[in-house]
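One structure below.
Number of protein chains: 2
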Amino acid sequence: MDARDLLTIGEVVQRSGFPHSALRYYEREGLVRAGRTAGGQRRYERGVLRRLAFIRAARSVGVGLDEVREALDRLPDGRTPTKADWTRLSRSWRGRLDEQIEALVALRDGLDSCIGCGCLSLARCRLWNPEDRVAAQGDGARLLPPALRRGPAPVD
Amino acid sequence: MDARDLLTIGEVVQRSGFPHSALRYYEREGLVRAGRTAGGQRRYERGVLRRLAFIRAARSVGVGLDEVREALDRLPDGRTPTKADWTRLSRSWRGRLDEQIEALVALRDGLDSCIGCGCLSLARCRLWNPEDRVAAQGDGARLLPPALRRGPAPVD
DNA sequence: ATGCAAGCTGAAGTCAGCTTCAGGTCAAGG
DNA sequence: CCTTGACCTGAAGCTGACTTCAGCTTGCAT
Chain D
6 MDARDLLTIG
16 EVVQRSGFPH
26 SALRYYEREG
36 LVRAGRTAGG
46 QRRYERGVLR
56 RLAFIRAARS
66 VGVGLDEVRE
76 ALDRLPDGRT
86 PTKADWTRLS
96 RSWRGRLDEQ
106 IEALVALRDG
116 LDSCIGCGCL
126 SLARCRLWNP
136 EDRVAAQGDG
146 ARLLPPALRR
156 GPAPVD
Chain Z
6 MDARDLLTIG
16 EVVQRSGFPH
26 SALRYYEREG
36 LVRAGRTAGG
46 QRRYERGVLR
56 RLAFIRAARS
66 VGVGLDEVRE
76 ALDRLPDGRT
86 PTKADWTRLS
96 RSWRGRLDEQ
106 IEALVALRDG
116 LDSCIGCGCL
126 SLARCRLWNP
136 EDRVAAQGDG
146 ARLLPPALRR
156 GPAPVD
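Chains as they are written, first to last, in my numbering: chain D, 6 to 161; chain Z, 6 to 161.
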């Protein structure tokens, strides 16, 4: 843990692509840790870069910071994810991505049929009723995953 | 324009699925219009339902309210979208959806290769660098569409 | 020794897109 | 006429994820 191996916040900004404001924010929120110099400046261990890459990946698939923190917290002793951890954790994102893709495809197909018919029927249109609550038990039920949901919660 | 054809806000809530708070908000923001009774209560024309379905559809594909308003404003005289309008407008959403799907698929494939190699290499990993800025002119360049972007803007 | 870029802090601000609240008013059925 | 549920308003609040600000301190190179 030679001091020369420690990174300043500026270096971490350069190498992670996160702005310093985000790095400080993540530290406050307990997603990353940083040591301090005598004078109070941050010094990061190299592992933080892997952690940050992990965060970047998670964010890009729509995982919220709370969930990222949980995932990282499950690693003993705040350790940086190893390859095995990474594999395990990222598998769940794979599922999430598949879900998102599936939902978007369903939406696109619904949109296509709507373009065709011009109906926009409130009772039947898949876009209006993407949860297919009318036929909630049917085979067409596709809930938009939370990461993709927009607009106010529908009223029944 | 018989008064019996006008809808109260409660009816619009029922039939559109939007909560009244959202309806009032959309009115303030100029996305829908409503007449008033002598006493000041809202009375909606039927066409508002189609407009709202339109908004719902747009929102669900990630279109922001500003852009929805623009689209609706381009219809002469605040008229409700006809089938032709709807077809024209929704085609651009189709493109947007295709883009989103493509981006997610690229992300998934990147994730797969990362699961395989465990690299998380900051310089090369597609998840870290989804815009592929390193090889920005290359064939692999895939920018996450705005509707799907998460996390702080990367610093160069 | 000193200049100055880089770093520090807490608090407040931002953005979208609503939601909630308090305290009243309206309108339709009986 | 009266009741009561539906409706009204403006202002404030909320969530998530940061960003910005003001004013001060550090630390490395010369």
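All residues carry an ideal CB built from backbone N, CA and C; glycine is no exception. Quantities reported herein were computed from a predicted structural model and do not represent experimental measurements.
Closer than 8 Å to chain D by CB, residue i
i	result
D10/Z	no
G67/Z	yes
P150/Z	no
G35/Z	no
D103/Z	yes
A27/Z	yes
A64/Z	Checking the displayed sequence, the identity of residue 64/Z turns out to be Arg instead of Ala. For R64/Z, the answer is yes, since a Cβ of chain D falls inside 8 Å of its Cβ.
V17/Z	no
V160/Z	yes
C-beta neighbour in chain Z for residue i, strict 8 Å
i	result
I14/D	no
G22/D	yes
CB contact flag (residue i, residue j, <8 Å)
i	j	result
R101/D	V66/D	yes
L57/Z	V73/Z	no
F23/D	V160/Z	yes
A108/Z	L153/Z	yes
E34/Z	L70/Z	yes
A39/Z	E32/Z	yes
Residues that residue i contacts on chain D, provided the C-beta gap is smaller than 8 Å
i	result
R99/Z	R113, L116, D117, I120
R51/Z	By Cβ distance, chain D contributes nothing, its closest Cβ being about 11 Å from R51/Z, past 8 Å.
Cβ separation of residue i and residue j, assumed to be a contact under 8 Å, to the nearest whole Å
i	j	result
L54/D	S26/D	So it is not a contact: roughly 18 Å between Cβ atoms.
R64/Z	R113/D	So it is not a contact: roughly 15 Å between Cβ atoms.
Contact set between residue i and chain D, taken where Cβ atoms lie within less than 9 Å
i	result
R79/Z	Within 9 Å Cβ-Cβ: nothing; R79/Z doesn't reach chain D, min ~18 Å.
Amino acids of chain Z, ordered along the chain, whose beta-carbon sits closer than 9 Å to that of residue i
i	result
V73/D	Within 9 Å Cβ-Cβ: nothing; V73/D doesn't reach chain Z, min ~10 Å.
Just checking, does the stretch 47-63 of chain D make contact with the stretch 8-23 of chain D on the three C-beta pairs under 8 Å criterion? yes
Would you say the stretch 91-109 of chain Z touches the stretch 87-100 of chain D, given that touching needs at least three Cβ pairs under 8 Å? no
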